[in-house]
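Visitor: Here it is, the structure in full.
Chains as they are written, first to last, in my numbering: chain E, 297 to 585; chain P, 9 to 265.
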């Protein structure tokens, strides 16, 4: 297994983890999340190539730029119903790709932006991924994570317990967009070359598929499925043309027999509780039902 | 001074007048009952008070503050908690997390503190857990804290709904048919439980209920609704002997109403 496959896998892990709070916990489908990755990558890349900025400035600008864009996009659209938000995210993704393609003077257009300095290696990407996973885990097990799940399950009930739905959705959207932007920054400084077509809706929707494959409310599942499903095509290389077919059959098979995803709502931390529970398992009272 | 004053509220859905000029006062530490046949507009009154839907006319005042034009989540924060007729628990959360949710709107710790794991996050989480466990103990579900609500029997789900509403630390608690689907024993338990809560927490309750034994046992005053209108107000004894109420319920020949 060569290094770039590993890096690409880690970047995909960040991508899937970046839609986890949004799609998995809050129930807002985003089919344009990769666009934020593009924005992060291009801001960082352009600052590095044309303005010779140092790494830290490029990184912060890329991430903050995504945050600003998500505020502008989220403000009008997060008040809409979920299905309209999903449509909008799809349009956003394609619009950003079109803008990047059209503004060739700055972005290099379809030829892409090249000669980005290689400032980040495998260890950097690995560290970045670990940090992102911890941040999102912290998010899930906080009042914000609970509020998101409440909104996803029953928006009306959530409101009647004092949760402001719009403000919560906005926070999640900005947070997840910044993570996607961070993935873009790492990607740009590792691969050294970016072009708009890497960040189309196919990338975004594959992240959504990975999320559902792993289990929508399981962060462990998201990470696991991102790793498995990015590596799988490499492992299936022996089957040459049949590769994609086998790949799809495996995904459909798993989703058919486990609609809740590979891990459902279980996390790796549940393992500890499960072992503890084995010995002190209590049952419902007999007459309860 | 009344804790909650509802002044002449009305709501019309198309051609149907669901609530027509309903007025009510709720004093501190008082249990009010709202009864009436199906379709009398009882749940609509709840939806109007908790601001799930906007009212056409009228005024609602909670502890000297007008809440008529406030938003749903604001009203909840100000102290109106409710349960739902068809149980609306957060099925994807555990029992404990369900009760934690109403404690979550308070900004005990910020977003940055959350993801950076600063001390205030852990302190806030401990406080929330403590408050939630207290509410669960109050309804006797503490030992089931880590199960999913869907695994609980119906009666316990009802209790969990009440625990969740109590976790909001409300001034007024709106209960929408808390005894529906309970067997007579469970209904008796519920009556004792609600009396106990009233005594311990000193909060006011409004109760929509079809079971007369529960209503008559608990309520200090009762409002009787029919076709959106209030047809009678009084103590349980007065209501039981009111000919208008009997007419509405049993369909007797109208005389003086």
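For glycine and all other residues, C-beta sits at the position ideal for the given N, C-alpha and C.
All figures in this text were calculated on a predicted structure; none of them were measured in a lab.
1) In chain order, what residues of the same chain have a beta carbon less than 8 angstroms from the beta carbon of residue 554 of chain E, not counting five sequence neighbours either side?
2) Cβ closer than 7 angstroms: which chain P residues qualify as neighbours of residue 440 of chain E?
3) At a Cβ cut of 9 angstroms, what residues of the region 449-460 of chain E count as close to chain P, listed as they run along the chain?
4) In chain A, what lies closer than 7 angstroms to residue 167 of chain P by C-beta?
5) Output the residue ranges of the alpha helix (DSSP H) runs that lie fully inside the region 78-131 of chain P and measure 4 residues or longer, sorted by chain position.
6) Please specify which runs of the alpha helix (DSSP H), each continuous and at least 4 residues long, are wholly inside the region 484-542 of chain E, giving them in chain order.
7) For residue 585 of chain E, would you say it is in contact with chain P, using Cβ-to-Cβ distances shorter than 9 angstroms as the test?
8) For the region 330-339 of chain E against the region 357-364 of chain E, are there 3 or more C-beta pairs whose distance is under 8 angstroms?
9) Taking C-beta pairs closer than 9 angstroms, name the residues in chain P that residue 434 of chain E reaches, listed in chain order.
10) Can you tell me which of the three DSSP states residue 556 of chain E falls into?
11) Taking C-alpha atoms, which residue in E/438, E/411 and E/397 lies nearest to residue 405 of chain E?
12) What does DSSP give as the partner residue(s) for residue 172 of chain P in the beta ladder?
13) Rounded to the nearest angstrom, how far is the Cβ of residue 232 of chain P from that of residue 256 of chain P, given a contact under 8 angstroms?
14) Helix, strand or coil for residue 308 of chain E per DSSP?
15) Any idea which residues DSSP pairs residue 27 of chain P with across the strands?
16) On the DSSP bridge list, what partners appear for residue 576 of chain E?
17) Using three-state DSSP, classify residue 565 of chain E as helix, strand or coil.
18) Would residue 185 of chain P pass as an interface residue toward chain E - the criterion being a Cβ-Cβ separation below 9 angstroms?
19) For the region 187-250 of chain P, list the alpha helix (DSSP H) runs that are entirely contained and at least 4 residues long, ordered along the chain.
20) Just the Cα atoms here: how many angstroms apart are residue 227 of chain P and residue 182 of chain P?
21) Does the CB of residue 138 of chain P have a neighbour CB from chain E at under 9 angstroms?
22) Is the shortest distance between the beta-carbon of residue 200 of chain P and the beta-carbons of chain E less than 9 angstroms?
23) Apart from the five residues on each side of it in sequence, which residues of its chain come closer than 6 angstroms, Cβ to Cβ, to residue 310 of chain E?
24) Look at residue 75 of chain P and residue 214 of chain P and say whether their C-beta atoms are less than 9 angstroms apart.
25) Can you tell me which residues form a DSSP beta bridge with residue 70 of chain P?
26) Closest to residue 298 of chain E by CA distance: which of E/557, E/542 and E/530 is it?
27) Hey, out of E/407, E/472, E/438 and E/570, whose CA is closest to residue 490 of chain E's CA?
28) Below 8 angstroms between beta carbons is the criterion; list the residues of the region 462-488 of chain E that meet it against any residue of chain P, in chain order.
29) Residues of chain P with CB closer than 9 angstroms to the CB of residue 513 of chain E, please, in chain order.
30) Helix, strand or coil: which one does DSSP assign to residue 585 of chain E?
31) Mind pulling the chain E residues with CB within less than 9 angstroms of residue 84 of chain P?
32) Let me know if residue 216 of chain P comes out buried or exposed under the rule of 16 or more other beta-carbons within 10 Å of its beta-carbon.
33) Please return the same chain residues whose Cβ sits closer than 8 angstroms to the Cβ of residue 475 of chain E, not counting the five positions on each side in sequence.
34) Fully enclosed by the region 379-435 of chain E, which alpha helix (DSSP H) runs are 4 residues long or longer?
35) With DSSP run on the structure shown, which of helix, strand or coil describes residue 268 of chain P?
36) Name the one or two DSSP bridge partners that residue 183 of chain P has.
Guide: By the coordinates alone:
1) Position 258 of the first chain, counting from 1, holds the residue named residue 554 of chain E. For residue 554 of chain E, where only same-chain residues beyond five positions count, the Cβ hits under 8 angstroms are 560.
2) Working through the first chain from its first residue, we reach residue 440 of chain E at position 144. Here the neighbours are 119 and 122.
3) 449, 450, 452, 453, 454, 455, 456, 457, 458, 459 and 460
4) Structure shown: chain A not included; protein chains present are E and P.
5) 80-86, 103-108 and 119-123
6) 497-510 and 515-531
7) To locate residue 585 of chain E, count along the first chain from 1; it is residue 289. A caution first: residue 585 of chain E carries a pLDDT of 42, below 50, which makes its placement in the model unreliable, though a value can still be read off. Yes, because at least one Cβ of chain P sits closer than 9 angstroms to the Cβ of residue 585 of chain E.
8) Taking 8 angstroms as the limit for Cβ pairs, the verdict is that the region 357-364 of chain E does touch the region 330-339 of chain E.
9) Sequence index remark: in the first chain, residue 434 of chain E carries index 138 (1-based). In chain order: 122, 123, 124, 125 and 129.
10) As a first step, residue 556 of chain E is located in the first chain; it is residue number 260 there, counting from the start. If DSSP states are grouped into helix, strand and coil, residue 556 of chain E belongs with coil.
11) The count along the first chain starts at 1 and reaches residue 405 of chain E at position 109. Selected option, being the one with the closest Cα: E/397.
12) For this step, residue 172 of chain P is matched to residue 164 along the second chain. According to DSSP, residue 172 of chain P bridges with nothing at all.
13) As a working mapping, residue 232 of chain P is identified with position 224 in the second chain. As a working mapping, residue 256 of chain P is identified with position 248 in the second chain. The pair is a contact, with the Cβ atoms about 7 angstroms apart (cut-off 8 angstroms).
14) Indexing the first chain from 1 puts residue 308 of chain E at position 12. Three-state result, residue 308 of chain E: helix.
15) Indexing the second chain from 1 puts residue 27 of chain P at position 19. DSSP lists P/19 as the beta-bridge partner residues of residue 27 of chain P.
16) Here residue 576 of chain E refers to the residue found at position 280 when the first chain is read from its first residue. Beta-bridge pairing links residue 576 of chain E to no other residue.
17) As a position in the first chain, residue 565 of chain E is number 269, starting the count at 1. Coil at residue 565 of chain E, not helix or strand.
18) For the purposes of this step, residue 185 of chain P is identified with residue 177 of the second chain, where counting begins at 1. Closer than 9 angstroms: no.
19) 192-209, 220-226 and 244-248
20) To locate residue 227 of chain P, count along the second chain from 1; it is residue 219. To locate residue 182 of chain P, count along the second chain from 1; it is residue 174. Approximately 13 angstroms between the Cα atoms of the pair.
21) Here residue 138 of chain P refers to the residue found at position 130 of the second chain. Closer than 9 angstroms: no.
22) Here residue 200 of chain P refers to the residue found at position 192 of the second chain. No, residue 200 of chain P lies away from the interface with chain E (no Cβ there is under 9 angstroms from its Cβ).
23) In the first chain, residue 310 of chain E corresponds to position 14, counting from 1. The residues are 425, 428 and 479.
24) Taking the second chain and counting its residues from 1, the one referred to as residue 75 of chain P is at position 67. Taking the second chain and counting its residues from 1, the one referred to as residue 214 of chain P is at position 206. Going by beta carbons, residue 75 of chain P and residue 214 of chain P fall outside the 9 angstroms limit.
25) What you label residue 70 of chain P is simply residue 62 of the second chain in a count that begins at 1. In the DSSP output, where bridge partners are listed per residue, residue 70 of chain P has P/12 and P/73.
26) Reading the first chain from its first residue, position 2 is the one you call residue 298 of chain E. Checking every option, the nearest Cα to that of residue 298 of chain E belongs to E/530.
27) Within the first chain, residue 490 of chain E is the residue found at index 194, counting from 1. Cα-wise, what sits closest to residue 490 of chain E is E/407.
28) 467 and 471
29) Counted from its first residue, the first chain places residue 513 of chain E at position 217. By Cβ distance, chain P contributes 100.
30) Locating residue 585 of chain E in the first chain gives position 289, where the first residue counts as 1. Note that residue 585 of chain E scores a pLDDT of 42, beneath 50, so its modelled location is shaky and nothing firm can be said.
31) Reading the second chain from its first residue, position 76 is the one you call residue 84 of chain P. What residue 84 of chain P touches in chain E: 455, 456, 457, 458 and 459.
32) Sequence index remark: in the second chain, residue 216 of chain P carries index 208 (1-based). Of the other Cβ atoms in all chains shown, 16 or more fall within 10 Å of the Cβ of residue 216 of chain P; this residue is therefore buried.
33) Along the first chain, one-based indexing puts residue 475 of chain E at 179. Counting only Cβ-Cβ distances below 8 angstroms, and skipping sequence neighbours, we find 310, 313, 314, 428, 431 and 432.
34) 400-403
35) Shown here, chain P extends from 9 to 265; a query on residue 268 of chain P therefore has no answer.
36) By 1-based counting over the second chain, the position of residue 183 of chain P is 175. Partner(s): P/215.
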